[in-house]
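Engineer:
2 protein chains.
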Amino acid sequence: MPEEIYRIGDLARLTGTKVVTIRYYEKIGLMPAPHRSAANYRIYSKAQLHRLQFIRRCRELGFSLEQVAELAALSSDRARSCTEVDDLTRVHLAEIEDKIADLTALAAELRSIGAQCKGGTTISNCRIIEALGRN
Amino acid sequence: MPEEIYRIGDLARLTGTKVVTIRYYEKIGLMPAPHRSAANYRIYSKAQLHRLQFIRRCRELGFSLEQVAELAALSSDRARSCTEVDDLTRVHLAEIEDKIADLTALAAELRSIGAQCKGGTTISNCRIIEALGRN
DNA sequence: GCTTGACCCTATAGTTGCTATAGCCGCTAC
DNA sequence: GTAGCGGCTATAGCAACTATAGGGTCAAGC
Numbered sequence: 000m001p002e003e004i005y006r007i008g009d010l011a012r013l014t015g016t017k018v019v020t021i022r023y024y025e026k027i028g029l030m031p032a033p034h035r036s037a038a039n040y041r042i043y044s045k046a047q048l049h050r051l052q053f054i055r056r057c058r059e060l061g062f063s064l065e066q067v068a069e070l071a072a073l074s075s076d077r078a079r080s081c082t083e084v085d086d087l088t089r090v091h092l093a094e095i096e097d098k099i100a101d102l103t104a105l106a107a108e109l110r111s112i113g114a115q116c117k118g119g120t121t122i123s124n125c126r127i128i129e130a131l132g133r134n
Numbered sequence: 000m001p002e003e004i005y006r007i008g009d010l011a012r013l014t015g016t017k018v019v020t021i022r023y024y025e026k027i028g029l030m031p032a033p034h035r036s037a038a039n040y041r042i043y044s045k046a047q048l049h050r051l052q053f054i055r056r057c058r059e060l061g062f063s064l065e066q067v068a069e070l071a072a073l074s075s076d077r078a079r080s081c082t083e084v085d086d087l088t089r090v091h092l093a094e095i096e097d098k099i100a101d102l103t104a105l106a107a108e109l110r111s112i113g114a115q116c117k118g119g120t121t122i123s124n125c126r127i128i129e130a131l132g133r134n
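If you read the protein sequences in the order shown, they are chains A and B.
Position 72 of the first sequence, counted from 1, bears residue number 71 in numbering that gives the first Met the number 0, the numbering being contiguous throughout.
Position 96 of the second sequence, counted from 1, bears residue number 95 in numbering that gives the first Met the number 0, the numbering being contiguous throughout.
1) Taking any Cβ of chain A, which residues in the stretch 76–108 of chain B have a Cβ under 8 angstroms from it, in chain order?
2) For residue 40 of chain A, does the count of other Cβ atoms within 10 angstroms reach 16, so buried, or fall short, so exposed?
3) Less than 7 angstroms between the CB of residue 17 of chain B and some heavy atom of the ligand NAD, yes or no?
4) Leaving out five residues before and five after residue 160 of chain A in sequence, what residues of the same chain have Cβ atoms less than 6 angstroms from its Cβ?
5) Alpha carbon to alpha carbon, how far is residue 12 of chain B from residue 28 of chain A?
6) If you drop the 5 nearest sequence neighbours on each side, which residues of the same chain put their C-beta closer than 7 angstroms to that of residue 70 of chain A?
7) Would DSSP call residue 63 of chain B helix, strand or coil?
8) Using C-beta distances below 6 angstroms, list every residue in its chain close to residue 3 of chain B, excluding the 5 sequence neighbours before and after it, in chain order.
9) Name the two residues that bound the continuous beta strand (DSSP E) containing residue 42 of chain B.
10) With DSSP run on the structure shown, which of helix, strand or coil describes residue 36 of chain B?
11) Under a CB-based cut-off of 8 angstroms, is residue 141 of chain B close to chain A?
12) Could you check the C-alpha separation between residue 100 of chain B and residue 120 of chain B for me, to the nearest Å?
13) Rounded to the nearest angstrom, what separates residue 37 of chain A and residue 75 of chain A at their Cα positions?
14) Let's test the definition: count the other Cβ atoms within 10 Å of the Cβ of residue 115 of chain B and tell me whether it reaches 16, buried, or not, exposed.
15) Less than 8 angstroms between the beta carbons of residue 10 of chain A and residue 60 of chain B, yes or no?
16) According to DSSP, is residue 116 of chain B helix, strand or coil?
17) Residue 55 of chain A and residue 30 of chain A - do their beta-carbons sit closer together than 8 angstroms?
18) Cβ atoms of residue 42 of chain A and residue 34 of chain A: under 8 angstroms apart, would you say?
19) At a Cβ threshold of 8 angstroms, is residue 120 of chain A touching chain B?
20) Indicate the three-state DSSP secondary structure (helix, strand or coil) for residue 17 of chain A in the structure shown.
21) Does the beta carbon of residue 74 of chain B sit closer than 8 angstroms to a beta carbon anywhere in chain A?
22) In angstroms with no decimal places, state the Cα-to-Cα distance between residue 64 of chain B and residue 97 of chain A.
23) Going by DSSP in three states, residue 7 of chain B sits in which element: helix, strand or coil?
24) Can you tell me whether DSSP reads residue 80 of chain B as helix, strand or coil?
25) For residue 112 of chain B, would you say it is in contact with chain A, using Cβ-to-Cβ distances shorter than 8 angstroms as the test?
26) Interface residues of chain A around residue 128 of chain B at Cβ under 7 angstroms?
27) Less than 8 angstroms between CB atoms is the rule here; does residue 60 of chain A satisfy it with respect to chain B?
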C-alpha cells in the first residue's frame, strides 16, 4: 500500500494552519524539510501531518514555539522519563494562571474607572480621563 | 517662577519607564519632540512629564499604544464629548474579559491533561504526550 | 492551443512594543 | 586627565506570524 502524501495546501486544510505558517515552521526548524516533487512542491508524509497536528494542538494550548519544540523533541524519545513533559506542562499552567490573575485585576480596575463615567458630559470633566492621570 | 525642567533620565525615574522606551515613544509620535539643550540633550517640561505618566498609566491598564494615542488625543480636546473615551474603555474591557475566558478554558484543559500523568513513567506511555496528539 | 484559475515557489518587509548593541559626546569629580 | 555616569544616534533583534512582490505548475474549459 502506497503512503499517502500531501501537498502543503492539504496540510493547511487538515490542520487549520496557513500555508505561510507551515513554511515558517519549516524555516525555523520546527517542521522538517519535506521531500520535493519534480516541480519543487513540498511533499509531506502522514508522519509529518501528525507532527503538524501535534504542533498546532500545543499552540492552541498556549505553549510557545520554543516549548513546542521541546515537547516535540521529548515526545519522540519514547524511552525517556515523562517528568520533563509533566514539568513543562505545570510551568506553563502556572504562567497562564498568573496571566489570568493579572487580567482579572486589570478588568476590575477598568470596571471601576468606567463606572464613574455617567456619559453625556465632556472631556473637561470626564472621570475616566481624570483617572488615567490628569493631563 | 521658572518652569521645572527634566532630562530624559529624570522622566525615566519619575515614571518607571526606560530611557530607550521614552525615545521610542518620541519616534512613533506618541511623545512630542522636546526642546534640546546646547549639548543636544532632550529637555522636558512638567506637561510632558504628565503626558508620559498618562501614557504609562494607560499601558499599565493594558491599552495598546494605538489606543493610548487615541485616548491622549481625546483627552486634550476638553470640549469633546466623553462618549468616545467611554467606548474605548468598554471595548478594551470586553477584550480583556474575552482573554480571561480563553485562558480560563485553557487552564482547565491543561489541568485535566496534567492530572492524567502519574509520573514515574516513560514517554512511550505518557498521557500528556498522548493528549497532545499522538506522534 | 491557449487561457483561466487554483495552487505552488522564493525572498523580503511589516506587525507590536519594546530591548539590545555599537560607537560616539558632555559633564562632573578626583 | 581620566573615570564614570549620563546623554546622543542608528541599526538590529525578539515572538509568531502576516503581507507583498514576482514568478512557476498544472488541470480544465473554450
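Just so it is clear, CB atoms sit at the ideal spot from N, CA and C, and this is done for glycine as well.
Owing to the predicted nature of the structure, the values given are computational and were not obtained by experimental measurement.
Structural biologist: This is what the structure gives:
1) 76, 77, 78, 79, 80, 81, 82, 84, 85, 88, 89, 91, 92, 95, 96, 98, 99, 102, 103, 105, 106 and 108
2) exposed
3) Absence of the ligand NAD from the depicted structure is noted, as is the absence of any ligand whatsoever, leaving it without description.
4) Nothing can be reported for residue 160 of chain A: it is not among the residues displayed for chain A, which extend from 0 to 134.
5) 42 angstroms
6) 57, 62, 84 and 87
7) coil
8) 45
9) 41–43
10) coil
11) The question about residue 141 of chain B has no answer here: the residues shown for chain B are numbered 0 through 134.
12) 33 angstroms
13) 30 angstroms
14) exposed
15) no
16) coil
17) no
18) yes
19) yes
20) coil
21) yes
22) 23 angstroms
23) helix
24) strand
25) yes
26) 74 and 84
27) yes
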